[in-house]
Every structure is written in structure tokens, then in C-alpha cells.
Amino acid sequence: MKSASLANFIKLLFNISQVCLMAAEAERLGGPPRPFGLEEIEKAGRRLKSGKAPGPDGIPSEVIKDIAAEYPNILAEVANYCLDEGVFPEEWKEARLVLLEKPKKNAADKPTYRPICLLNAIGKLLEILTEERINEHLRAEGELSERQYGFRKGRSTLDPMRRINEIVAEINQKSYRHRKVCLMITFDIKNAFNSAEWGLNRSEVDRWNMCGHITRLVDEYLSRRYLWGSISGPLLWNIFYNRILNVTVPEGIELLGYADDLAAGVIGRDREELLSNAQETVNQVTRWMRGMRLEVAAGKSETVLLCRRRQLDSLTVNINGHRDRQRREVLEGLFRHRHQDDGACQKGCKL
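Residue numbers (mature numbering (1 follows the signal peptide of the UniProt record, and there is no 0)): -26 to -1, 1 to 325.
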């Protein structure tokens, strides 16, 4: 098939006539956008995974991968229409929902299901292109917080535990008389990813002063859809969640994130200072969460004493009206003198 004929076929296949829905506002958006180049299209095509079930349009990802490799100019034209006009076609947001039954722990248990959303490959391609532009801007302006370990290349669940390990090791290096007390608070966020007010994500994106055309495309991408199974969802979540890691907390307190999981390493010279710092940290975190339409699940949030100078009375922290008592102290022995020990980190992840 000749290139011109293939281009017309693809425009008909993906209903490109519906893409140009509004006039470009180049001047208001800071001038014309930098178009998606052929190398970007080819790279995005390579990121599409083969052997995956197709979305509602029934077109396998292998088809889009082949077109991106052989005729990237055709997909570039399609993607640049979307970029110029600020449109993420509604058909590309649709997903085919498949429910997979989870294994039962007991034969008498009621069945539970894991939802899988199968998206159209052409929409995934546009997501990848948009995500790469956002990442490019973040790298130029300064990365997201180093204390967010989730959805980050080259990071794992062990990394925040290693950081906690370092904090404890630093404390234990002090003489017994000058050693501080350390408490870890873990916050459970109720149904975080699905409960997030994604409209508020726009204000967070604006903080990074991105290209107006990209932010407009993000707006359209977020409108009238859920982000289950999406490619850009994890990155947008990290942008949305970034400020919680930088809220004002007492000096020496660290907030660590892994996706929607949040932990605070709280230190104090004695019981009174430890409790004061812990309560102030909890108050700041819950206040930010309310502002972002999220809720801390107090009953599932926990406090764990990591190291101490002497026997302490039971510690109680008020989390959203729930008085959470210090759960256990076994981590003190686990972390002591094990700086950067993966075995300790792995055991800590299981607790």
C-alpha cells in the first residue's frame, strides 16, 4: 500500500476527522507547539508492548508498532493534530473492562475480582508521547521529590526502607546519653488512586510551567475518564502527590512516599518532643489530604517505635480522631547496626 493511501486509510480507521474540534490558541498558549518528531513517534511505538489484548477498537498494538516503525510520519500527523488542537479523542479514552477472579484463600470465600482495563493502542501512543514531553520538562526544571520512590525507574519498595534504616543508624551512632528517639508513622490513604480529584492535578501541573499545549492536552486527557490501566496515570499521580512530601513539618522529620503509601520518620529528644513532633506531622499531612479530597484511613495507619534511649510508656497519636497506639518495638533490634543491609530492609517491608 502506498504511503498516501495508507495515510488516508489510517485517518479513516481512527476517525481523524473528529480530532480537529477547536481552533488552535497559539498566542494564548505561548506560541505554536514544538511538533512531535519522527524519532519521538518511533520511540513511542517501541514502548508499546506486543502480545497484549487489544482495546475496544480491536486493533492490536503490533499494528501501531509497525506503522510507527515504517511510516512514523503518518502517526506524527495524527499526534500533532491532537497537540495543535488540544484534543484527546473520546474513543481513545475508552477501555474494555475484564474481571479476573482472584485466588481464594479458602474454598468457602466469596469470589473477588481484579479489574483489567484494555485500552486502544493508538491512545496509548499519544499517552506515551505526552508523558515523554512531561518528563523532559521535569528533568529540565528539576525532578520530582527524591523522597517519592513509587513509579520511578530504578527504584523499589526497598529504597524507602533503606532510608529509614539510614535514619536509625545515624541515631544509633550517638552516645546513649545523646541518642534521640525515632518513631515511624505509616499513613494509609483510602482508595487513593480512584478517589483523587484529578481536576486538581491541573493546578499541580501548572506549578511546573509546562508548555501550554501540553497542559491543555493533559486537561483533555483527564476529562471524562478514569485512569485505570492508563500509561500516564502513574506520572500524573506523582505530580499530584509531590507537594505532600514537602509540607511543613517539624525540623528533622522526613516524609517518604511509595506511590500512594506515605511514611514519616519522626525524631525527638524525649517522649514529650517525640509526641509533639508526631502529632504536628499527622496534623499537617491530614490537612493537606483534605485539601486534595483525599482521606487518611486512621484505622489502618500505624505508629512503630524504631529506636529509643530507655523504656517508654505507650505512645498514642491522634489520627483523624482515631487514637493510634504505638504498635510494636521489634524494629529497634532489626535496624540497629545494620546500615544499608538489604536483609533488614526486606524484613522491614514485611512488617
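Where is the CB? At the ideal position from N, CA and C, for every residue including glycine.
For residue i, is the classification buried or exposed, using 16 other Cβ atoms within 10 angstroms of its Cβ as the cut-off for buried?
i: GLN122; result: buried
i: GLU44; result: exposed
i: THR222; result: exposed
i: VAL192; result: buried
i: ASN139; result: buried
i: TYR150; result: exposed
i: THR260; result: buried
i: TYR87; result: exposed
i: ARG302; result: Any reading at ARG302 is ruled out, since the residue's pLDDT is 45, under 50, leaving its predicted position unreliable.
i: SER204; result: buried
i: GLU117; result: exposed
i: ALA27; result: exposed
i: VAL72; result: exposed
i: ALA50; result: buried
i: residue 352; result: With the chain covering only -26 through 325, there is no way to say anything about residue 352.
i: GLY231; result: buried
i: ALA170; result: buried
i: LYS98; result: buried
i: LYS39; result: buried
i: SER206; result: buried
i: LYS257; result: The sequence as given places Asn at residue 257; Lys does not occur at that position. It counts as exposed.
i: GLU22; result: Looking at the sequence provided, one finds Leu at residue 22 rather than Glu. Result: buried.
i: LEU74; result: exposed
i: TYR82; result: Note that residue 82 is Ala in the sequence shown, not Tyr. Result: exposed.
i: GLU246; result: exposed
Using only CA atoms, which one of the options lies nearest to residue i?
i: PHE125; options: ILE293, LEU279, PHE214, PRO7; result: PHE214
i: ILE90; options: GLU68, GLY116, LEU100, ILE138; result: GLU68
i: GLU276; options: ILE102, MET263, VAL291; result: VAL291
i: GLN253; options: PHE161, LEU191, ASN183; result: PHE161
i: ILE145; options: ILE159, CYS281, PRO7; result: CYS281
i: ARG137; options: GLU59, ALA238, ARG70; result: ALA238
i: ASN216; options: ALA233, ARG88, ALA53; result: ALA233
i: GLU115; options: GLU59, LEU249, ASN183; result: ASN183
i: LYS127; options: ALA82, PRO46, ASN212, GLY60; result: ASN212
i: GLU194; options: VAL72, TRP262, ILE141, VAL61; result: VAL61
i: LEU57; options: ALA42, GLY11, ILE41; result: GLY11
i: GLY19; options: GLY5, ILE188, ARG8, ALA42; result: ALA42
i: GLU110; options: ASN251, LEU209, PRO6, LEU248; result: LEU209
i: ILE293; options: ASP235, LEU248, ILE159; result: ILE159
i: LEU279; options: VAL142, ARG113, SER24; result: VAL142
i: GLY5; options: GLU101, GLU65, GLY186; result: GLY186
i: TYR55; options: PRO85, ILE188, MET135; result: ILE188
With DSSP run on the structure shown, which of helix, strand or coil describes residue i?
i: residue 329; result: Because the chain is modelled from -26 through 325, residue 329 falls outside the range shown and cannot be assessed.
i: residue 362; result: The requested residue 362 is not part of the displayed model; the chain covers only -26 to 325.
i: LEU93; result: strand
i: VAL52; result: helix
i: VAL240; result: strand
i: LEU289; result: coil
i: THR255; result: helix
i: GLU269; result: coil
i: THR222; result: coil
i: GLU247; result: helix
i: LEU209; result: helix
i: LEU22; result: coil
i: GLU228; result: strand
i: GLU276; result: strand
Should residue i be flagged as near chain D, meaning a C-beta pair shorter than 7 Å?
i: GLU178; result: Here there is only one protein chain, and chain D is not present.
Next on the checklist: Using a Cβ distance threshold of 8 Å, determine whether the stretch 73 to 81 contacts the stretch 6 to 19, with at least three qualifying pairs required.
Outcome noted: No contact exists between the stretch 73 to 81 and the stretch 6 to 19.
Next on the checklist: Using 8 Å as the cut-off, can you tell me whether the stretch 148 to 161 makes contact with the stretch 235 to 242, which would need three or more C-beta pairs spanning the two stretches below that distance?
Outcome noted: In the pairwise beta carbon analysis, the stretch 148 to 161 is classified as touching the stretch 235 to 242: at least three pairs are separated by under 8 Å.
Item to check | Whole runs of the beta strand (DSSP E) within the stretch 116 to 166, excluding any shorter than 3 residues | outcome: The stretch 116 to 166 contains, as complete beta strand (DSSP E) runs of 3+ residues, the segments 155 to 161 (chain order).
Next on the checklist: Three or more C-beta pairs under 8 Å: does that hold for the stretch 225 to 233 against the stretch 186 to 203?
Outcome noted: No: fewer than three Cβ pairs fall under 8 Å.
Item to check | Segments of 4+ residues assigned as alpha helix (DSSP H) that fall wholly inside the stretch 62 to 90 | outcome: As far as the stretch 62 to 90 is concerned, its whole alpha helix (DSSP H) runs of at least 4 residues are 64 to 67.
Checklist entry - Within the chosen definition, does the stretch 160 to 170 reach the stretch 267 to 274 through at least 3 CB pairs nearer than 8 Å? => result Touching, yes, given that three or more Cβ pairs across the two stretches are closer than 8 Å.
Next on the checklist: Check whether the stretch 24 to 40 and the stretch 83 to 99 touch, using three or more Cβ-Cβ pairs below 8 Å as the test.
Outcome noted: Three or more pairs of CB atoms, one per stretch, sit closer than 8 Å, so the stretch 24 to 40 contacts the stretch 83 to 99.
Checklist entry - Should the stretch 104 to 115 be called in touch with the stretch 128 to 135, which here means at least 3 C-beta pairs below 8 Å? => result No contact exists between the stretch 104 to 115 and the stretch 128 to 135.
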